[in-house]
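If you read the protein sequences in the order shown, they are chains D and Y. Per numbering that gives the first Met the number 0, residue 0 is the first one in the first sequence, and the count goes up by one each step. Per numbering that gives the first Met the number 0, residue 0 is the first one in the second sequence, and the count goes up by one each step.
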Amino acid sequence: MGSFLDAQLRLSRGTFALDAALGAERGEILALLGPNGAGKSTALRALAGLVPLEDGHVRVDGRDETTTPVEQRPIGMVFQDYLLFPHMSALDNVAFGPRCQGAGRAEARERAAGLLEHLGLAEHAGARPGRLSGGQAQRVALARALAVRPRLLLLDEPMAALDASTRVEVRARLRHWLEGFEGATVLVTHDPLDAMVLADRIAVVEGGRVVQQGTPTEVARRPRTAYVARLVGLNLFRGTAEGTTVTLDTLGEEETVEVRLPAPAEGPALVAFPPRAVALYSEPPHGSPRNVWRVRVDGVERFGDQVRVHLAGPPDLAADVSPAAVAELGLVRGQTVWAGVKAAEVESYGA
Amino acid sequence: MTTASPATPAAPGRRRLRARSGRPPWILVVPALAAVAFLVLPFAGLLVSAPWPDMGERLRDPEVLSALWLSLTTATAATVVSLLLGVPLAWLLARTEFPGRRLVRALVTVPLVIPPVVGGVALLLVLGRNGILGTHLDTWFGITIPFTTAAVVMAQVFVAMPFLVISVEGSLRGADRRYEEAAATLGASRTTVFTRVTLPMVLPGIAAGAVLCWARALGEFGATITFAGNFPGTTQTMPLAVYMAMQRDPEAAVVLSLVLLLVSLAVLVTLRERWVNA
Chain D
0 MGSFLDAQLR
10 LSRGTFALDA
20 ALGAERGEIL
30 ALLGPNGAGK
40 STALRALAGL
50 VPLEDGHVRV
60 DGRDETTTPV
70 EQRPIGMVFQ
80 DYLLFPHMSA
90 LDNVAFGPRC
100 QGAGRAEARE
110 RAAGLLEHLG
120 LAEHAGARPG
130 RLSGGQAQRV
140 ALARALAVRP
150 RLLLLDEPMA
160 ALDASTRVEV
170 RARLRHWLEG
180 FEGATVLVTH
190 DPLDAMVLAD
200 RIAVVEGGRV
210 VQQGTPTEVA
220 RRPRTAYVAR
230 LVGLNLFRGT
240 AEGTTVTLDT
250 LGEEETVEVR
260 LPAPAEGPAL
270 VAFPPRAVAL
280 YSEPPHGSPR
290 NVWRVRVDGV
300 ERFGDQVRVH
310 LAGPPDLAAD
320 VSPAAVAELG
330 LVRGQTVWAG
340 VKAAEVESYG
350 A
Chain Y
0 MTTASPATPA
10 APGRRRLRAR
20 SGRPPWILVV
30 PALAAVAFLV
40 LPFAGLLVSA
50 PWPDMGERLR
60 DPEVLSALWL
70 SLTTATAATV
80 VSLLLGVPLA
90 WLLARTEFPG
100 RRLVRALVTV
110 PLVIPPVVGG
120 VALLLVLGRN
130 GILGTHLDTW
140 FGITIPFTTA
150 AVVMAQVFVA
160 MPFLVISVEG
170 SLRGADRRYE
180 EAAATLGASR
190 TTVFTRVTLP
200 MVLPGIAAGA
210 VLCWARALGE
220 FGATITFAGN
230 FPGTTQTMPL
240 AVYMAMQRDP
250 EAAVVLSLVL
260 LLVSLAVLVT
270 LRERWVNA
């Protein structure tokens, strides 16, 4: 838990309830990752003071900002569709914040011009937002948010309004632009790639709650919910460990499924392995793989240069195999195959 | 991948291809044409029956000119007053919650539905020399409002401001409030948000409301004649002059009406191009 930003956000709106504890260190980028409607944006708006908390607190740099009005919070915010003021030039948009904070016209414009130049927008300073491309508008919005010298920078789906090719470029550069920023950054995204590339820490938000927090590596390697597992492309199961065997929780299924582990463990456990670790056989295999399940092919789809095979179990899982293997096995929907995973490929951690 | 090629412009004179949507149905076209005829024919009548030979002489009549001048200045003054008072009122109605807000909105629209004469009577009862407030104004400050040019403006504000308030409130409600939130996150106080973000963004709506307000003020008759009287030069605006002329010299009424029509059209067309379609 971070100490620079320390927030406990509790509020409800109709049937939706948000209850999230968020933290970040100075200079850290925290990504709120989650599906649409999970409450990520609401959490961001609560940090900004745009929606009132029912309970909890927001502390930034040791100061309690829970009841501070929006305009006096030490924040800068980049909105999903930027919300650049359409009647002002890019420069005036960026100079707006400093002016509101009491800077003189010349000083505000100077600071704005400096930021625009830093973000490579010097030649667009006089342009109205309507004449800027999506990527340029996003940079102006970032400059505008940074111009108020915030201690907490809030980015709401900063990539969502960009087209795919711009997104790749911006994702790479955004981290660079944020490097000199001395406060904490909270970034909302539903794209795991954004979170993995940009963030130092990830908080996975589902149903108004933080279901997992950790570094991108931790989240990617040890997902705690089916949603995260799907995002990072892992097969994930919940069960109970005893020695080197995990018995999976069966959801009303009569058959019990066991997964063998490379190392012993005890108690409730999560088990994860990547689809590429799954090998498929048309006959029960002998020898090396220690986990073998009889499954049925549920679907086959192209996935990069591999083929992803969806298998109905128990356990239900995904396997990535080469197109050649698909041809060799003659995989079709409904066919019965054996799926094998080496114990060494299985990652198990406490549930 | 396909290579980008410059778009080929359509050959001149070639018909654009568009999906056929069929003929407009007569059940809509016939009433629409009837509406146009009903609204336009009376003006054609004005043009036909105008005394064109001595038009120039009649137009130089000082009484016509002073009525026209009075109408234009009072309607403009009424619009300015309505803007100064009505825009803040519209903001309060659209952006704040206060007890009785619905009631206030209902009351504000009352002048739209009551006959203007009734408004004039009400103004007289309150601000007349013996009225509830008028007595005090007279005894304490020596101010009498009724039957002055100021009364003309007040009567016009009374009937025209609701148009402005409703129009501006509508555009404030229609404006994207997230821009105001963005301004707040940048440190803007509510006053700054209003003057630097909200106001510029709803300017077209305010302009449209002001045009409507001005047009209504220009045509104001009932409240004016009741509250301000009918004194040439000080309170006799164009509509009053038309009405008076109709009693003694119908041709003069036609001339005055034409002048009023042309001036209003000219102003509305100019403003429309400048603002409303902006």
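Idealized CB from N, CA, C, for every residue including glycine.
Across the structure, Asn229 of chain Y and Leu122 of chain Y are spaced so that their CA atoms are roughly 16 Å apart.
Met245 of chain Y and Val156 of chain Y have their alpha carbons spaced roughly 26 Å apart.
Within the same chain, Tyr81, Leu83 and Pro128 come within 7 Å of Ala136 of chain D by CB-CB distance, once the 5 residues on both sides are set aside. Around the beta carbon of Glu64 of chain D, 16 or more other beta carbons sit within 10 angstroms, so the residue counts as buried. Contact between the stretch 308-324 of chain D and the stretch 274-286 of chain D is established, with three or more Cβ pairs separated by less than 8 Å. Using a Cβ distance threshold of 8 Å, Glu180 of chain Y and Leu49 of chain D count as a contacting pair. Against chain Y, the beta carbon of Gln100 of chain D has neighbours under 9 Å at Leu185 and Gly186, listed in chain order. In chain order, Ala94, Pro97 and Arg98 place their CB closer than 6 Å to the CB of Ala107 of chain D, counting only its own chain and leaving out the 5 sequence neighbours on each side. For the stretch 68-90 of chain D, the set of positions with a beta-carbon nearer than 9 Å to some beta-carbon of chain Y reads Pro68, Val69, Glu70, Gln71, Arg72, Ile74, Gly75, Met76, Phe78, Asp80, Tyr81, Leu82, Leu83, Phe84, Pro85, His86 and Met87 in chain order. For Gln155 of chain Y, the uninterrupted alpha helix (DSSP H) run begins and ends at Thr148 to Gly173, by DSSP.
Between the alpha carbons of Leu163 of chain Y and Ser65 of chain Y lies a distance of about 27 Å.
Minimum Cα-Cα distance from Glu257 of chain D among the listed residues D:Ala19, D:Pro215, D:Gly312 and D:Ala194 corresponds to D:Gly312.
Below the 8 Å Cβ cutoff, chain D contributes no neighbours of Arg172 of chain Y, its closest Cβ being approximately 18 Å away.
Residue pairing by DSSP puts Phe302 of chain D in a beta bridge opposite D:Gln305. Excluding five sequence positions before and after Ala264 of chain D, the CB atoms of its chain that fall closer than 6 Å to its own CB belong to Ala240 and Ser347, given in chain order. Here Ile131 of chain Y has Val125 as same chain residues with Cβ atoms under 6 Å from its own Cβ, once five neighbours each way along the sequence are excluded. Using a Cβ-Cβ distance cut-off of 8 Å, the stretch 332-347 of chain D and the stretch 283-300 of chain D are in contact, since at least three pairs of beta carbons, one from each stretch, lie closer than that value. Here Phe272 of chain D carries a strand assignment [DSSP, helix/strand/coil]. Within the model, the alpha-carbon separation for Ser20 of chain Y versus Val28 of chain Y is close to 15 Å.
In the three-state reduction of the DSSP assignment, Leu185 of chain Y falls in the coil class, being assigned neither a helical nor a strand state. Leu260 of chain D places its beta carbon less than 8 Å from that of Val345 of chain D. In the displayed model, Pro110 of chain Y falls within a helix according to three-state DSSP.
Around the beta-carbon of Leu31 of chain D, 16 or more other beta-carbon atoms lie within 10 Å, marking it buried.
Residues of chain Y whose Cβ lies closer than 8 Å to the Cβ of Phe95 of chain D are, in chain order, Ala182, Leu185, Ala187 and Arg195. Residue pairing by DSSP places Asn234 of chain D opposite D:Phe272 in a beta bridge. Three or more beta-carbon pairs separated by less than 8 Å link the stretch 69-79 of chain Y to the stretch 143-160 of chain Y, which places the two stretches in contact. Among the CB atoms of chain Y, one or more fall inside 8 Å of the CB of Val147 of chain D.
Rounded to whole angstroms, the Cβ separation of Gly119 of chain Y and Thr225 of chain Y is 3 Å, and the two are in contact under 8 Å. The closest CA to that of Gly125 of chain D, considering only D:Ala112, D:Gly134, D:Val231 and D:Gly26, is found on D:Ala112. In the DSSP annotation of this structure, Gln100 of chain D is not part of any beta strand (DSSP E), being labelled neither H nor E. Residue burial is scored here from C-beta neighbours: Gln212 of chain D has at least 16 other C-beta atoms within 10 angstroms and is therefore classed as buried. Taking 8 Å as the upper bound for CB-CB distance, Ser81 of chain Y and Ala159 of chain Y are in contact here, some 6 Å apart.
Residue pairing by DSSP places Ala30 of chain D opposite D:Leu186 and D:Ile201 in a beta bridge.
Taking a Cβ-Cβ cut-off of 8 Å, the neighbours of Arg143 of chain D in chain Y comprise Leu185, given in sequence order. Counting only runs of 4+ residues, the alpha helix (DSSP H) found wholly inside the stretch 188-224 of chain Y occupies 198-217, in chain order.
Taking 8 Å as the CB threshold, Ala47 of chain D lines the interface with chain Y.
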